[in-house]
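See below for the structure under consideration.
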Amino acid sequence: MEMTLRWYGSKFDTVTLKQIRQIPGVTGVISTLYDTAPGEAWELDRILALKKEIEDAGLRLSGIESVNVHDEIKVGTANRDQYIDNYITSLENLGKAGIHMVCYNFMPVFDWTRTELARKRPDGSTVLAYTQAAVDRLNPEDMFDSISSDMNGTVMPGWEPERMARIKELFAMYKDVDDEKLFANLKYFLERIMPVCDKYDINMAIHPDDPAWSVFGLPRIIINKKNILRMMKMVDNPHNGVTFCSGSYGTNLNNDLPDMIRSLKGRIHFAHVRNLKFNSPDDFEEAAHLSSDGNFDMYEIMLALYDIGFDGPIRPDHGRMIWDEVAMPGYGLYDRALGATYLNGLWEAIVKSHR
Ligand code: DNO
502 MEMTLRWYGS KFDTVTLKQI RQIPGVTGVI STLYDTAPGE AWELDRILAL
552 KKEIEDAGLR LSGIESVNVH DEIKVGTANR DQYIDNYITS LENLGKAGIH
602 MVCYNFMPVF DWTRTELARK RPDGSTVLAY TQAAVDRLNP EDMFDSISSD
652 MNGTVMPGWE PERMARIKEL FAMYKDVDDE KLFANLKYFL ERIMPVCDKY
702 DINMAIHPDD PAWSVFGLPR IIINKKNILR MMKMVDNPHN GVTFCSGSYG
752 TNLNNDLPDM IRSLKGRIHF AHVRNLKFNS PDDFEEAAHL SSDGNFDMYE
802 IMLALYDIGF DGPIRPDHGR MIWDEVAMPG YGLYDRALGA TYLNGLWEAI
852 VKSHR
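Take 502 as the starting number for the sequence shown in my numbering and just add one per residue.
Take a look at the structure:
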């Protein structure tokens, strides 16, 4: 595996490449062209410039998170082909630039959803948290307003103000889309992009829905082992793979994370590894990465990745906000650096004990 950190680009991130380079064992970053809109074709020059900036800082551009999928593709409108053509152009240019992993999601309207961005824990750190009761009380149109004041002046992925301004329209677009339709639209999209992925050896890594159930009545399909295996089978190409995100699949305590990892051998192209602490099945917070701080056995998760021969990029995921850092919620430097170091420690121990 290759340890990486997510980085939004020098114009958008509070964390610098120099800081990332100084985290021991982190050799790559996962980045994106953060100011491109879903549906736009990515230009080769811009991709090469991003790559050069990262390489000049002594790091590798290990993959993209995310090339976002336009809602017309997810809904399956008559216009979808034009957006898929643009997506193919983006993949082609990424392939030409030597990028081989692309993370994306197929979540309707909202990307990941949390109800609090700065829940205070007993040690004074703050974390992202979710309570079903808070979602049930909210009108989806008010979701953005209810959390926007805690974004620390950053633009969070999937929560762009321009997008949120169109929320009513977005909900209307999905009104006839159920799980089956969403599966069919995903299949259509994948079948169209697989030839370019084959040509340039690009591993597509779908990110799970977070939380792993329907919110506000919207369909959500990438939520459990059954559905993800269905997806792998419906387009049975090794380039059709997943981002295994422990914090997203783990929102549903019925998901056995190590077992899911083992069932996806050869199809996990990217890993997001973090812990969650459940106060009840409907209330969880994003704990420190350490097993003892949350509900997951992080050793077992890393061991399962080792057992399937996982060799793609991995990253610590959302960190707590600690040591008075002011950054995008979940994406500060300090706690993610601690997370990377901890995961590297687990990995070293696993590798050595298997000699
Ligand atoms: C949240 C992230 C997601 C993820 C996208 C992938 O912090 O894990 O926003 O990047 O769903 O497209």
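C-beta: ideal position from N, C-alpha, C; glycine also. A quick note: this is a predicted structure, and the numbers were derived from the prediction, not measured.
Cβ of H571 within 8 Å of any chain D Cβ
Reference to chain D is not applicable here, since this structure consists of a single protein chain.
Looking at Y675: is its Cβ nearer than 8 Å to the Cβ of V576?
Closer than 8 Å, so yes.
DSSP state of R856, grouped into three classes?
When DSSP states are grouped into helix, strand and coil, R856 belongs to the coil group.
Length of the line joining the Cα atoms of D679 and E556
Computed Cα separation, rounded: 43 Å.
Compare the beta carbon distance of V530 and V568 with 8 Å and say whether it is the shorter of the two.
With respect to V568, V530 sits apart: the two C-beta atoms are not nearer than 8 Å.
Measuring alpha carbon to alpha carbon, tell me which residue in E617, A579 and V636 is nearest L719.
Among E617, A579 and V636, the Cα nearest to that of L719 belongs to V636.
Contiguous alpha helix (DSSP H) assignments of at least 4 residues, all confined to the segment 691 to 743
Correct list: 726 to 735.
What's the C-alpha gap between V527 and W543?
The alpha-carbon of V527 is positioned some 27 Å away from that of W543.
Looking only at its chain, what residues have a beta carbon closer than 7 Å to the beta carbon of P712, apart from the 5 residues adjacent to it on each side?
Apart from the 5 residues on each side of it in sequence, P712 sits with its Cβ closer than 7 Å to the Cβ of T614, Y631 and T752 in its chain, given in chain order.
I'd like the list of long-range same chain contacts for R816, defined as Cβ closer than 7 Å, with 5 residues on each side in sequence excluded.
So the list reads T505, L506, R507, I531 and H773, once near-sequence residues are dropped.
Under the DSSP definition of a beta bridge, which residues are partnered with A772?
Its beta-bridge partners are F745 and I815.
Our contact map puts L618 next to D586 with C-beta atoms below 8 Å; I'd like the distance itself, whole angstroms only.
Between D586 and L618 the Cβ distance is about 36 Å, and since that is not below 8 Å, they are no contact.
Please classify A517 as buried or exposed, where buried requires at least 16 other C-beta atoms within 10 Å of its C-beta.
According to the sequence provided, residue 517 is Thr. The question's Ala does not apply to it. Its Cβ having fewer than 16 others within 10 Å, T517 is exposed.
Measure the CB-CB distance between F607 and A706 and report whether it falls below 8 Å.
No, the pair does not count as a contact, with Cβ atoms beyond the cut-off.
When you compare the segment 658 to 667 with the segment 737 to 746, are there three or more beta-carbon pairs, one atom per stretch, that lie closer than 8 Å?
The answer is no - the segment 737 to 746 does not touch the segment 658 to 667, with fewer than three Cβ pairs under 8 Å.
Answer yes or no: do M733 and R768 have a C-beta to C-beta separation smaller than 8 Å?
Yes. Within cutoff.
Here's a check: name, in chain order, each residue in its chain whose Cβ is nearer than 6 Å to the Cβ of A838, leaving out the five neighbours to either side.
Closer than 6 Å at the Cβ level, and outside the excluded window around A838, lie I524.
If we call anything under 8 Å between Cβ atoms a contact, is L592 one with I703?
A contact, by the Cβ cut-off of 8 Å.
Segments assigned beta strand (DSSP E), at least 3 residues, entirely inside the segment 569 to 615:
Correct list: 602 to 606.
What is the DSSP secondary structure of V516, reduced to helix, strand or coil?
DSSP places V516 in coil when its eight states are reduced to three.
CB of P658 to nearest heavy atom of the ligand DNO: below 7 Å?
True, at least one ligand heavy atom lies under 7 Å from that Cβ.
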